[in-house]
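These notes concern the structure reproduced below.
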Amino acid sequence: MSQPLWTPSPDRAAGTAMARFRNRASKRAGRVFEDTPALHAWSVAEPAAFWDAIWDEFEVIGEKGDRLLVDGDRMPGARFFPDARLNFAENLLRPVEGVVGTDDALVFRGEDQVERRWSWAELRAEVSRLQQAMRAAGIKTGDRVAGLLPNVPEAVAAMLAAVSLGAVWSSASPDFGVRGVLDRFGQIEPKLLVTVDGYWYAGKRIALGEKLAEIAAALPGVQRIVVADYLGEADAVAAGLPAGRAVSYARFVADHAPAPLVFERMPFDHPLFVLFSSGTTGAPKCIVHRAGGVLLQHLKEHALHTDVNAGDRLFYFTTLGWMMWNWLVSGLARGATLLLYDGSPFHPGPAALFDYAQGERMTHFGTSAKFIDAVKKAGLRPAETHDLTPLRAMMSTGSPLVAESFDFVYDAIKRDLHLASISGGTDIVSCFVLGDPTRPVWRGEIQGPGLGLAVEVWNDEGRSVAVGEKGELVCTQPFPAMPLGFFADPDGSRYHAAYFDRFAGIWCHGDFAETTEHGGLVIHGRSDATLNPGGVRIGTAEIYAQVEAVPEVLEAIAIGQDFEGDVRVVLFVRLQPGTVLDEALERTIRQKVRQGATPRHVPARIVAVSDIPRTKSGKIVELAVRDVVHGREVKNKEALANPEALDLYRDLSALEI
1 MSQPLWTPSP DRAAGTAMAR FRNRASKRAG RVFEDTPALH AWSVAEPAAF WDAIWDEFEV
61 IGEKGDRLLV DGDRMPGARF FPDARLNFAE NLLRPVEGVV GTDDALVFRG EDQVERRWSW
121 AELRAEVSRL QQAMRAAGIK TGDRVAGLLP NVPEAVAAML AAVSLGAVWS SASPDFGVRG
181 VLDRFGQIEP KLLVTVDGYW YAGKRIALGE KLAEIAAALP GVQRIVVADY LGEADAVAAG
241 LPAGRAVSYA RFVADHAPAP LVFERMPFDH PLFVLFSSGT TGAPKCIVHR AGGVLLQHLK
301 EHALHTDVNA GDRLFYFTTL GWMMWNWLVS GLARGATLLL YDGSPFHPGP AALFDYAQGE
361 RMTHFGTSAK FIDAVKKAGL RPAETHDLTP LRAMMSTGSP LVAESFDFVY DAIKRDLHLA
421 SISGGTDIVS CFVLGDPTRP VWRGEIQGPG LGLAVEVWND EGRSVAVGEK GELVCTQPFP
481 AMPLGFFADP DGSRYHAAYF DRFAGIWCHG DFAETTEHGG LVIHGRSDAT LNPGGVRIGT
541 AEIYAQVEAV PEVLEAIAIG QDFEGDVRVV LFVRLQPGTV LDEALERTIR QKVRQGATPR
601 HVPARIVAVS DIPRTKSGKI VELAVRDVVH GREVKNKEAL ANPEALDLYR DLSALEI
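full-length UniProt numbering applies: residue 1 is where the sequence shown begins, and numbers increase by one.
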């Protein structure tokens with residue numbers, strides 16, 4: 001019988017926030033919850049009682065009100081804490097036991113090793129100055145404030161200042177093209193834009209002056225543009241923007257001394273964030289998230305599922321164009337120090353992030369499956385080269401973490417480590433399935449569903465499937481982190497079509513998944529990217545897990561090509577430098593897929609390419625490649641980090657036979 005890769009010691013498990021909450025929840029419910037699955041069963045059977053317990057456990061600042069859940073049988077339409085009033089920023093900036101004002105709140109490192117530190121006192125002071133400056137600029141409840149920023153301390157402060165006033169925050173990464181920025185911010189019409197003069201990536205200095213001038217001209221509703229200093233040119237860049245609309249960050253806050261913060265308490269459902277879908281199949285969806293739902297969900301995930309506590313040092317490699325930035329910043333509510341990084345994760349060397357982890361005594365390392373695979377293929381073994389003693393947890397998302405990557409983490413990074421593969425999305429700015437620090441980690445598996453989330457796997461007929469069978473990942477009950485809806489979707493039709501058309505009253509997330517005998521889950525890829533050779537559904541992740549274990553292959557992307565009345569699997573591979581895709585390597589790849597998966601997974605065609613198109617957050621785009629191969633137009637190339645890569649897949653003679 002297989003053994004888990006990691007099991008927490010009894011003392012470690014008992015010392016987690018999950019164990020403490022389980023004990024207190026048992027007392028509240030008047031019954032004993034022996035383990036997390038028992039606690040989860042209660043959390044979905046009695047959602048009002050569960051979310052009430054979460055509010056109390058984490059001492060949410062605000063007025064809870066008497067009603068906990070109204071219309072709890074409606075999805076969408078259920079309302080949690082309909083009488084509550086709170087402010088998201090107030091709950092992130094409150095004093096936390098064990099944390100003093102001189103402790104680090106934010107640590108920033110750029111890829112050029114430039115470091116900055118803000119203490120908790122300095123963070124609160126900066127938020128105060130920004131809050132006053134924004135109020136003086138006319139920002140009020142419901143206004144949109146947008147950030148086009150690298151992952152720098154000013155981004156955190158600007159978000160907190162905006163939402164402290166009841167404004168709605170939205171952000172994008174400065175590496176987005178002009179069209180990509182306008183496709184997002186043009187829909188929500190921000191009143192204030194916070195940005196920078198430029199940034200660094202892979203050793204290159206990238207100025208933003210010209211791009212900002214185009215953006216400013218196309219967004220006339222932006223009344224104020226605030227330019228922070230990154231390259232030392234903020235004043236010059238601001239001067240080059242439309243007269244009277246732009247100012248440097250330093251000048252914006254110059255007239256405001258730190259003062260006691262004032263927080264506008266708003267309803268639980270008050271809009272907090274507008275996040276954007278990737279936009280690879282059309283204009284990005286503008287997903288509106290509620291303040292109370294995000295707060296409770298993130299508190300639950302950080303504390304219970306990730307065991308983030310006061311004084312911990314939390315890192316996630318992300319940009320402001322990915323929801324993991326919003327998730328990371330919420331770690332402040334636990335009294336954690338946020339470790340921010342901006343730039344290439346492999347500059348100035350391949351071990352840059354592990355250098356950061358060692359230097360800052362990182363306790364929680366958040367990254368992507370692609371990063372872990374890249375570290376493996378670079379031949380790094382941080383366990384032998386770095387002191388990672390404080391590191392307790394590593395989180396991975398963005399795409400499924402294959403079984404071989406689990407092996408690599410425990411062999412080459414750290415053996416005593418809670419490795420949590422997590423999955424959710426921008427749609428809920430959180431996770432459906434994630435880690436559990438009290439239970440074993442099994443090879444290739446996500447540990448289980450999030451507390452309070454009625455996650456199941458269904459077949460096409462809308463019935464729950466047996467363990468080991470594949471189907472659609474669904475959530476059968478409402479939860480607080482569901483979006484309020486989409487921006488500019490007054491009748492909710494687009495929101496309903498996105499999640500509730502497949503199964504009436506059921507959230508269908510679009511992941512192809514299965515449950516395991518250990519109570520965990522395996523994600524096999526996106527449902528709309530599944531392959532159907534001979535009418536059998538195959539998840540692309542099942543193929544990648546085998547192909548990317550071949551040393552010569554850096555990464556791969558698979559599609560289903562319509563061919564002679566059926567669908568055949570076509571595999572594109574990006575190879576190690578100097579490697580040629582010859583008959584021997586093709587045989588190796590096919591044999592690996594056949595042995596590790598099934599004969600149906602074996603690609604009919606294998607084609608070498610020099611690049612694979614991906615979104616700004618690093619996700620490969622199977623649907624865009626499929627469209628190009630079939631001669632269809634890709635609707636929104638601006639959503640891609642490398643749109644030029646699509647041309648590599650056009651009119652390929654290898655796919656005509």
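We put the CB at the ideal spot given by N, CA and C, even for glycine. Since the model is a prediction, treat every value here as computed from it, not as a measurement.
| Item | Value |
| --- | --- |
| Distance between Val-625 and Pro-643 (C-alpha atoms, nearest Å) | 11 Å |
| Opening and closing residue of the beta strand (DSSP E) in which Phe-371 lies | Per DSSP, Phe-371 belongs to no beta strand (DSSP E); it is in the alpha helix (DSSP H), 369 to 377. |
| Three-state secondary structure (DSSP) of Glu-564 | coil |
| Nearest-angstrom Cα separation, counted from Tyr-356 out to Arg-439 | 28 Å |
| When Asp-229, Ile-538, Gly-198, Pro-480 are compared against Ala-78, the one with the closest alpha-carbon | Pro-480 |
| Rounded Cβ spacing between Gly-331 and Val-308 (contact assumed at less than 8 Å) | 6 Å |
| Bridge-paired residues (DSSP) for residue 668 | Look at the range of the chain in this structure, 1 to 657, and you will see that residue 668 is not part of it. |
| Assigned exposure category for Ile-657 - 16 Cβ within 10 Å defines buried | exposed |
| Buried versus exposed, by CB contacts within 10 Å (16 or more), Glu-360 | buried |
| DSSP-derived helix/strand/coil call for Gly-535 | helix |
| Cα-Cα separation, Arg-179 to Thr-615 | 14 Å |
| Contact under 7 Å by Cβ, Glu-63 with Arg-85 | yes |
| Coarse secondary structure for Pro-76, derived from DSSP in three states | coil |
| C-beta atoms of Phe-315 and Phe-365 nearer than 7 Å | yes |
| Thr-516 versus Phe-500, Val-465, Asp-71, residue with shortest Cα-Cα distance | Val-465 |
| Contact belief for Phe-408 with Ile-446 at Cβ below 8 Å, rounded distance in angstroms | Actually they do not touch by this definition, with Cβ atoms about 17 Å apart. |
| Bridge partner(s) assigned by DSSP for Phe-273 | Trp-169, His-289 |
| Whether His-256 touches Ala-133 by CB criterion (7 Å) | yes |
| Met-1 to Val-441 span [Cα, whole Å] | No answer about Met-1 holds up, because its pLDDT of 44 lies below 50 and its placement is not dependable. |
| Distance CB(Arg-523)-CB(Ile-620) smaller than 7 Å | Arg is not the amino acid found at residue 523; the sequence shown has Ile there. The answer is no: Cβ separation not under 7 Å. |
| Ile-225 beta carbon less than 7 Å from that of Leu-208 | no |
| First and last residue of the uninterrupted beta strand (DSSP E) at Lys-470 | 470 to 475 |
| Beta carbon of Gly-505 nearer than 7 Å to that of Ser-527 | no |
| Phe-354 - DSSP class collapsed to helix/strand/coil | helix |
| 8 Å contact criterion, which Met-18 and Thr-36 should meet: CB distance rounded | 7 Å |
| Candidates Leu-338, Arg-205, Glu-111, of which the one nearest residue 659 by Cα | For residue 659 there is no data in the structure shown, the boundaries of the chain being 1 and 657. |
| For Asn-23, the three-state DSSP class (helix, strand or coil) | helix |
| Which of helix, strand or coil DSSP assigns to Gly-331 | helix |
| Between the CA atoms of Thr-579 and Pro-153 - distance to the nearest angstrom | 42 Å |
| Collapsed DSSP secondary structure at Met-482 in the structure displayed | coil |
| Cβ shell of Leu-594 (< 7 Å), same chain only, five flanking positions each side left out | It is worth fixing the name first, because residue 594 is Arg in this sequence and not Leu. So the qualifying residues of the chain are Val-602. |
| Backbone CA spacing between Pro-82 and Val-294 [nearest angstrom] | 15 Å |
| Sequence-distant residues of its chain with Cβ nearer than 7 Å to Glu-638 (five each side left out) | Gly-177, Arg-179, Gly-180, Asp-183 |
| For Pro-449, the three-state DSSP class (helix, strand or coil) | strand |
| Span separating the alpha-carbon of Phe-50 from that of Asn-23 | 13 Å |
| Runs of alpha helix (DSSP H) wholly within the stretch 366 to 438 (minimum 4 residues, chain order) | 369 to 377, 382 to 385, 403 to 408 |
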